[in-house]
Structure formats: structure tokens, C-alpha cells
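Just below is one structure, and these are the notes that go with it.
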Amino acid sequence: MRAAFASRFDDTDPLAALTVGDRPEPVHPDDDWVTVQVTASSLNHHDLWSLRGVGLRADQLPMILGCDAAGVDPDGNEVVVYPVVVTPGDPRGVSILSEHFPGTLAERVAVPRSNLLPLPAGLTPADAACLPTAWLTAWRMLTTKGRVAEADAVLVQGAGGGVATAAVALAVAMGKRVYATSRDAAKRERIAALGATALEPGARLPERVDVVVETVGAATFDHSLKSAAPMARIVVSGATSGHEPAVNLRRVFAMQLEILGTSMGTPAELTELLAFCAERGLRPVVDSVVPFSRVTEAFTRLHSGDVFGKVVVDHTA
Ligand SMILES: NC(=O)c1ccc[n+]([C@@H]2O[C@H](COP(=O)([O-])OP(=O)(O)OC[C@H]3O[C@@H](n4cnc5c(N)ncnc54)[C@H](OP(=O)(O)O)[C@@H]3O)[C@@H](O)[C@H]2O)c1
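Numbering (full-length UniProt numbering), first residue to last: 1 to 317.
Put into C-alpha cells, the structure is as follows:
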């Protein structure tokens, strides 16, 4: 079957490590696994980290990339794939598709049957394929970790990214005052169109916020601390610009801030997110839809950093 996979690692030029070609059909590590025919997937920064060799070992190559998918199960049902799989031997106890088990950027992917959720009415496979990684991460950052129900104002850093646009759209839909930073003027205009107040990175906010959604890391972390109200939650799920920022601990304890790490979300949280999107008519922010036959262009686009929202891959084209 055709697939997009990491055939080697390249830290400086991750696109050079990407191969599109034939891979064997999925195998089932256990009896409760099923094969899903993928109809749509979406890219994440995670796929670029994999091509760089972050989170993968050379003896795991070649590895089919992709965490997100919507597709059709063996009984003909339209499904959304929950990408976190129990993985004995991994220090986290779990892994995300494309870390230990082959990913979704293929004609077919194998997963435990319990990882399949029904595609809600009103969501297209392309919409649904945006939700299981970036949107689920943003949902958990806001709800379970950030306790956004208690919050009035939210700051989202690096708002062009997949997690960040999700956080902006979700927090706006929840009725919060949302501030979002982006380095790019055109992206700031699009953030404003989503209902947030768009700012340049590092700009002073009109008020301190109760929740910060942080995926950028070193480049924005000090601003996140300075923008936080007393007792605020700074929720971290990524560090695209560097993972070792200087942290002003005086500010952390004086303002009684909580810095919370998080990864992905639970199946129950994905079910809540799917229901929230379906009920509110909220649709993911889609940067572009690229046919699988041109999947390399999708990677090039994500790598350029010039994206606003999710890059979707249409596996039917
Ligand atoms: N832990 C988890 O479960 C989980 C899940 C999903 C993602 N992540 C992580 O979260 C991060 C974002 O993922 P994504 O897929 O949303 O990535 P993405 O779509 O590639 O977005 C990255 C965004 O970060 C901002 N950025 C990058 N470099 C920057 C810099 N030097 N200074 C300021 N801003 C910068 C950019 O925002 P502007 O261009 O708008 O400034 C860019 O749009 C990644 O590190 C990813 O690994 C973690």
C-alpha cells in the first residue's frame, strides 16, 4: 500500500528524510486490533520531529508517519481514530501512532478496536481528521488542565499553529476573552477573524489572563509568565522554539502560578470534543487540503511555518 514514511533521520532538513512509496499491509499485534481504510489524515509538527529523529530510534525505521485519521472500519462504519495506544516498554505506558506502531499516512492503518470512535453526524472525515491530536491536545489544555470554566481570559501563544488555532477557536466558542500572539501580520488578521484579540509576540496585554496555552516554548515563555494573573495556569504541550527557557521562579511563587505539562488527551476527552464541535457547529481551522498523491507538498507547507490551522491529506485523491 502507498504510505508516507521516515526512511532515515535528518535534523537539519527533515523533508529529505521523507519517503513516499510502498509499505507492507498493516499487521495486528493482538486479536483486538482492526484495520481502518483511511479516508483523511492531517499533519502535525510531530511528523517533522519524527523525520528529525526526535522520539524515534534508527532501528524503528522505516516508520509510517501520521497521528490523525478518519476512515472506514471493517464493518463499513465511518470512524475517527484515537491515536494513543497502550505500549508496554514505553516509559509513558502509551505511545502515539507513528512512534511504536505505524501511523496514519497510509492507505490503511491498524489500531485496537477500542480506539475507534463513531464519526459524528455533521462532521466530514476531513474535519474529523484534524481533531484527534492538535484539537484534542488544545481541548485538554483548556478544560482538564487549564480549568477554563473558572477563567475569564485566555492567552494563546504562536497562534498560527495547529494546537494554537484550535485553542483560539475553542476558547472563543466557550465565551472567553481570548488573546493570541503571532509573529506574522497576516496570521494576526486571521486570528482576529476567529474572534480573538491578536497581538505581536511579547506585546503587553490589556489584562492578565487566567489560562495560557503554550506550545512555542523558549521564545514566548517569559511573556507567558508576565501575562499570567495570580493563580493562573500556564499549560505546556510543546516547545517548538526550544525546551529550556529561563524561568523567573520569583514570579511563579509570588503570583502562585501553576505550570502544567500535558500530552494529547483521553478517549473520553476526544468524545467530548467531537460532541462539542458537532453540537456547536464548530469546524476545525483548515489551512489546506492536499491529495495524498501530493503529500510531499503538505509536508513542505508545514515545514515552511507558513500555515494557519491544519494541513489535511485527502486519501481518496
Ligand atoms: N504534547 C502533545 O500532546 C502535543 C500535541 C500536539 C502538538 N504538540 C507540540 O506542540 C507544538 C505545536 O504543534 P503544532 O502541530 O500545532 O505545530 P505547528 O502547527 O507547526 O505550529 C507551530 C507554531 O509555533 C509558532 N512558532 C514556531 N517557532 C516560533 C518562534 N521561534 N517564535 C515564536 N513562535 C514560533 C508559530 O506561530 P506563528 O507563526 O503564528 O508565530 C507556529 O505557527 C509542537 O512542538 C508539537 O510537537 C504536542
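The beta-carbon is built from N, C-alpha and C at its ideal position, and this holds for glycine as well.
Cβ pair residue i, residue j closer than 8 Å
{"i": "residue 227", "j": "residue 205", "result": "yes"}
{"i": "residue 16", "j": "residue 68", "result": "no"}
{"i": "residue 158", "j": "residue 133", "result": "no"}
{"i": "residue 302", "j": "residue 43", "result": "yes"}
{"i": "residue 6", "j": "residue 56", "result": "yes"}
{"i": "residue 235", "j": "residue 269", "result": "no"}
{"i": "residue 148", "j": "residue 171", "result": "yes"}
{"i": "residue 169", "j": "residue 282", "result": "yes"}
{"i": "residue 63", "j": "residue 29", "result": "no"}
{"i": "residue 119", "j": "residue 79", "result": "yes"}
{"i": "residue 193", "j": "residue 218", "result": "no"}
Pick from the options that is closest to residue i, judged by C-alpha positions
{"i": "residue 81", "options": "89, 39, 54, 59", "result": "39"}
{"i": "residue 201", "options": "220, 107, 61", "result": "220"}
{"i": "residue 207", "options": "155, 280, 110", "result": "155"}
{"i": "residue 84", "options": "266, 289, 271, 314", "result": "266"}
{"i": "residue 49", "options": "298, 12, 279", "result": "12"}
{"i": "residue 115", "options": "75, 34, 171, 102", "result": "34"}
{"i": "residue 209", "options": "104, 183, 71, 150", "result": "150"}
{"i": "residue 191", "options": "107, 162, 264", "result": "162"}
{"i": "residue 278", "options": "112, 26, 123, 260", "result": "123"}
{"i": "residue 8", "options": "59, 295, 173", "result": "59"}
{"i": "residue 125", "options": "299, 136, 41, 101", "result": "41"}
{"i": "residue 100", "options": "86, 106, 108, 289", "result": "86"}
{"i": "residue 255", "options": "282, 224, 263", "result": "224"}
{"i": "residue 315", "options": "304, 27, 119, 295", "result": "295"}
{"i": "residue 23", "options": "143, 187, 245, 106", "result": "106"}
{"i": "residue 216", "options": "78, 287, 305, 272", "result": "305"}
{"i": "residue 237", "options": "261, 222, 249, 78", "result": "261"}
{"i": "residue 187", "options": "90, 3, 229, 287", "result": "287"}
{"i": "residue 21", "options": "293, 309, 300", "result": "293"}
{"i": "residue 77", "options": "117, 111, 271", "result": "117"}
{"i": "residue 72", "options": "89, 110, 88", "result": "110"}
{"i": "residue 317", "options": "131, 291, 31", "result": "291"}
{"i": "residue 54", "options": "250, 10, 27, 4", "result": "10"}
{"i": "residue 143", "options": "251, 272, 250", "result": "272"}
{"i": "residue 14", "options": "299, 310, 309", "result": "299"}
Per DSSP, the bridge partner or partners of residue i
{"i": "residue 108", "result": "37"}
{"i": "residue 233", "result": "211, 258"}
{"i": "residue 118", "result": "79"}
{"i": "residue 177", "result": "153"}
{"i": "residue 5", "result": "19, 64"}
{"i": "residue 314", "result": "40, 291"}
{"i": "residue 72", "result": "37, 78"}
{"i": "residue 197", "result": "179"}
{"i": "residue 326", "result": "The structure shown does not extend to residue 326, since the chain spans only 1 to 317, so no value can be given for it."}
Alpha carbon of residue i to alpha carbon of residue j, nearest angstrom
{"i": "residue 138", "j": "residue 164", "result": "7 Å"}
{"i": "residue 196", "j": "residue 177", "result": "7 Å"}
{"i": "residue 36", "j": "residue 185", "result": "40 Å"}
{"i": "residue 189", "j": "residue 146", "result": "26 Å"}
{"i": "residue 152", "j": "residue 241", "result": "28 Å"}
{"i": "residue 247", "j": "residue 307", "result": "29 Å"}
{"i": "residue 97", "j": "residue 46", "result": "11 Å"}
{"i": "residue 203", "j": "residue 113", "result": "47 Å"}
{"i": "residue 141", "j": "residue 263", "result": "9 Å"}
{"i": "residue 253", "j": "residue 231", "result": "10 Å"}
{"i": "residue 179", "j": "residue 199", "result": "7 Å"}
{"i": "residue 32", "j": "residue 70", "result": "19 Å"}
{"i": "residue 89", "j": "residue 95", "result": "10 Å"}
{"i": "residue 175", "j": "residue 2", "result": "43 Å"}
{"i": "residue 4", "j": "residue 276", "result": "31 Å"}
{"i": "residue 27", "j": "residue 75", "result": "18 Å"}
{"i": "residue 93", "j": "residue 251", "result": "34 Å"}
Whole-Å CB distance - residue i paired with residue j, under 8 Å assumed
{"i": "residue 18", "j": "residue 51", "result": "6 Å"}
{"i": "residue 104", "j": "residue 160", "result": "Incorrect: roughly 23 Å between the Cβ atoms, too far for contact."}
{"i": "residue 289", "j": "residue 312", "result": "5 Å"}
{"i": "residue 244", "j": "residue 108", "result": "That pair is no contact at about 40 Å."}
{"i": "residue 233", "j": "residue 211", "result": "5 Å"}
Chain C contact for residue i (CB, 8 Å cutoff)
{"i": "residue 239", "result": "Structure shown: chain C not included; a single protein chain is present."}
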